[in-house]
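According to numbering that gives the first Met the number 0, the sequence shown holds residues 0 to 126 in order.
Idealized CB from N, CA, C, for every residue including glycine.
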Amino acid sequence: MSNPNHRPDLPRCGAHTRAGGTCANPPMTGATRCRMHGGASPRSKAKAKERIQDAEARHAVEIFAARRDIEPGAALLELVQWTAGEVDYCRQQARALDEDDLTWGRGSRKVVTTAAPQWRRNRTSPT
Ligand SMILES: [Zn+2]
C-alpha cells in the first residue's frame, strides 16, 4: 500500500544527497531547502521570512487593492451587497452582547467639563 502522507503536490527540498538521489523532505516554511540541507541557516531563515512577508503582501493586494475592470452598475451592486453582509454581521454581534456590557461608568453622574461645548456640558451620561 502507498504512503498516505505522500503528497506529490507539495514542494520538496530537492538537494542532492550523498547517496546520489534528491532529498524528498519538505522545505522549511518559506524556505526552498529542508532543515538538513541549509533551511535552518540564519541566511535561509532571513530569506524565508522575506518570502513569507512578500507572499502576504501580494495576497493582501489581491484581496483589497487590486483594480478590476468592472461595469459601474455592477460595482455599486457588489458594494451594496457587501455592505449588507457587513451590516448583518454587526447586527449579529450586537445581538450576542449582554445588555449590561453596553454601558459603563456611573449612570447617574452628571458629566461637566469646561472644555466641552455648551450642548455637551448639560448632557448626562447614559444610565
Ligand atoms: Zn533536504
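Looking only at C-alpha atoms, which of the options sits nearest to residue i?
i: GLY37; options: PHE63, THR16, VAL60, ALA93; result: THR16
Mark residue i as exposed unless 16 or more other C-beta atoms lie within 10 angstroms of its C-beta, in which case mark it buried.
i: MET27; result: buried
i: ALA64; result: exposed
i: GLN74; result: Sequence inspection shows Ala at residue 74; the Gln mentioned does not correspond to that position. By the neighbour-count rule (16 or more Cβ atoms within 10 Å), ALA74 is not buried but exposed.
In its own chain, which residues sit with a C-beta less than 7 Å from the C-beta of residue i, not counting the 5 before and 5 after it?
i: GLY13; result: THR21, CYS22
i: SER43; result: ALA30, ARG32, GLY37
i: HIS58; result: none
Which same chain residues end up closer than 6 Å to residue i when comparing Cβ atoms and leaving out the 5 residues on each side of it in sequence?
i: LEU153; result: Residue coverage of the chain in this structure runs from 0 to 126, which leaves residue 153 outside it and unanswerable.
Which residues in the same chain have their Cβ closer than 8 Å to the Cβ of residue i, if we skip the five residues on either side of it in sequence?
i: ALA93; result: none
(request) Report all residues for which the CB-ligand distance to some heavy atom of ligand 1 is below 7 Å; order them along the chain. (result) CYS12, ALA14, CYS22, ASN24, ARG32, CYS33, MET35, HIS36
(request) Jot down the residue ranges of each uninterrupted beta strand (DSSP E) in the stretch 53 to 95, minimum 3 residues, whole runs only, in chain order. (result) none
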